[in-house]
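Protein chains in written order, with the numbering used here: chain Z, 6 to 144; chain U, 6 to 144; chain A, 6 to 144.
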Amino acid sequence: MKIITVKHIIDTCGNTDVIDLTGLVISELDKSYIKNGSVLIFVPGCTASVTTIEYEPGLKRDLPELLAKLIPEGRHYHHNKTWGDNNAHAHLRSSVFGTSLNVPFENGELLLGTWQQIVLIDFDERPRKRKVIIQLTGE
Amino acid sequence: MKIITVKHIIDTCGNTDVIDLTGLVISELDKSYIKNGSVLIFVPGCTASVTTIEYEPGLKRDLPELLAKLIPEGRHYHHNKTWGDNNAHAHLRSSVFGTSLNVPFENGELLLGTWQQIVLIDFDERPRKRKVIIQLTGE
Amino acid sequence: MKIITVKHIIDTCGNTDVIDLTGLVISELDKSYIKNGSVLIFVPGCTASVTTIEYEPGLKRDLPELLAKLIPEGRHYHHNKTWGDNNAHAHLRSSVFGTSLNVPFENGELLLGTWQQIVLIDFDERPRKRKVIIQLTGE
Chain Z
6 MKIITVKHII DTCGNTDVID LTGLVISELD KSYIKNGSVL IFVPGCTASV
56 TTIEYEPGLK RDLPELLAKL IPEGRHYHHN KTWGDNNAHA HLRSSVFGTS
106 LNVPFENGEL LLGTWQQIVL IDFDERPRKR KVIIQLTGE
Chain U
6 MKIITVKHII DTCGNTDVID LTGLVISELD KSYIKNGSVL IFVPGCTASV
56 TTIEYEPGLK RDLPELLAKL IPEGRHYHHN KTWGDNNAHA HLRSSVFGTS
106 LNVPFENGEL LLGTWQQIVL IDFDERPRKR KVIIQLTGE
Chain A
6 MKIITVKHII DTCGNTDVID LTGLVISELD KSYIKNGSVL IFVPGCTASV
56 TTIEYEPGLK RDLPELLAKL IPEGRHYHHN KTWGDNNAHA HLRSSVFGTS
106 LNVPFENGEL LLGTWQQIVL IDFDERPRKR KVIIQLTGE
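Here it is in structure tokens:
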């Protein structure tokens, strides 16, 4: 069994920007020579998430529009009042979507669906440089 | 340390159908002779999720009724307009609920709560045959 | 590769009480002498979740206020009618937020963001004693 942990810095636009990480994860899996196991994708931070989605332009617009209704930016939040921030909505969205994802692989191939991509979502209200952890475990 | 990866095909009714996978996961754990570790349950696909819930008829009705309010089927979505689809709501629900779950086990027993079941939820708008990945890691 | 599984009992106030588990996880990591790998935090139970958040008083108030709007306690739920319970909202919240979280570590340090904490959220409508599983895997 081997464990390989790599870090990448990803430029985002913030504002519920959705970024496809699938190619990056496949590239790290190929370099690792690990054939069977799972990959943990984790985002250190309180205003971003990792999940899967079909990465296409329609859903990239639908997701922010949905969240503008459910967890809007402009509402009164105690977090913003306490800290002079404007990103309480981003904190709450991150907690709901979560910051860790595990994807199994076999014979060196991620077991994703045909249209399913691994994505980082940055909910913060400004562009960010985001660290993403990719940890491969297997044999 | 051993890693065992198995695939199952599950028939669903779609439309936020909730399917209990607990028996299947226990059966694979029993067959594996792995005693301590964790199991990753993953659904390849963009319109389904894996989570835990108390699997009982009341909540099986409450969950679709809740989601009909929060992420309704009939709203205008860019995804549906672009692709001529009618399942944008299913994509968005899948991203929120997530597609991976990890459950620890010890002495050959899943460490679930008494009423807690591992479930697949199929959000798509039609019946599907769903592949589910069960990956056991441990010793 | 080693796997260490520990259980802790946590007192909660229920009602979407947010409890910081980060110190507990760090303490178990320090005791384990495992340096590289990941920790699975899992809550057995149907009315609680594990996620990450910036643990500060503002967000501890914002989260219950948000959920009172999205998944309110007082609505008609089939679960409550069937079982004479009053916690269907807690079940539904738990399924959305999820019950498992994986955090990578390296050189004996959790790879969390600066303000990011690992938290248990208890959605039940009364104080509870909650079991939490911390499982470390690595070398």
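Glycine included, each C-beta is placed from N, C-alpha and C at the ideal position. If you're wondering where the values come from, they're calculated on a predicted model, not measured in any experiment.
Confirm, please, whether the CB-CB distance from Ala-95 of chain A to Thr-56 of chain A is below 9 Å.
no
Would you mind working out which of U:His-84, U:Thr-17, U:Ile-39, U:Phe-47 sits nearest Glu-111 of chain U, comparing C-alpha positions?
U:Ile-39
Using a C-beta cutoff of 9 Å, does Arg-66 of chain A count as contacting chain Z?
yes
Between Val-44 of chain A and Leu-34 of chain A, how many whole angstroms is the CB-CB distance? I'm expecting something under 8 Å.
7 Å
Any beta carbon from chain Z within less than 9 Å of Phe-4 of chain U's own beta carbon?
Absent from the model: residue 4 of chain U. The displayed extent of chain U is 6 to 144, so no value can be given.
Residue burial classification, Ser-37 of chain A (beta-carbon count within 10 angstroms, cutoff 16)
buried
Can the beta-carbon of Gly-19 of chain Z be found closer than 9 Å to that of Gln-121 of chain A?
no
Between Pro-144 of chain U and Ile-123 of chain Z, what straight-line distance do the alpha-carbon atoms span, to the nearest angstrom?
The sequence given here places Glu at residue 144 of chain U; Pro does not occur at that position. Answer to the nearest angstrom: the Cα atoms are 29 Å apart.
Kindly indicate which residue of Z:Lys-136, Z:Val-30, Z:Thr-142, Z:Leu-26 has the alpha-carbon position closest to the one of His-13 of chain Z.
Z:Lys-136
Against chain U, which members of the segment 103–121 of chain Z pass a CB distance test of less than 7 Å?
Gly-103, Leu-106, Asn-107, Val-108, Pro-109, Glu-111, Leu-116, Leu-117, Gly-118, Trp-120, Gln-121
How many Å lie between Gln-140 of chain U and Gly-63 of chain A at the Cα?
39 Å
Segment contact, 8 Å Cβ cut-off, at least three pairs: the segment 18–32 of chain Z with the segment 125–133 of chain Z
yes
Looking at the structure shown, is Gly-143 of chain A part of a helix, part of a strand, or coil, going by DSSP?
strand
Cβ distance (whole Å) where Gly-42 of chain A is taken to contact Ile-8 of chain Z below 8 Å:
6 Å
Measure the CB-CB distance between Leu-116 of chain Z and Thr-10 of chain U and report whether it falls below 9 Å.
yes
Kindly indicate if chain U contains any beta-carbon less than 9 Å away from that of Tyr-38 of chain A.
no
Using a Cβ cut-off of 9 Å (strictly closer), state whether Gly-42 of chain Z contacts chain A.
no
Which runs of the alpha helix (DSSP H) at least 4 residues long sit entirely within the segment 50–101 of chain U? Give them in chain order.
62–75, 83–88
Could you tell me if Lys-65 of chain A is buried or exposed, where buried requires 16 or more neighbouring beta carbons within 10 angstroms of its beta carbon?
buried
Per DSSP, Thr-121 of chain U forms a beta bridge with which residues?
Looking at the sequence itself, residue 121 of chain U is Gln, so the reference to Thr does not match. Note: Gln-121 of chain U sits in no beta bridge, so no partner.
Can you check whether the CB of Leu-125 of chain Z is closer than 9 Å to the CB of Ile-24 of chain Z?
yes
Given a cut-off of 9 Å on the beta-carbon distance, is the pair Leu-75 of chain A and Ser-100 of chain Z in contact?
no
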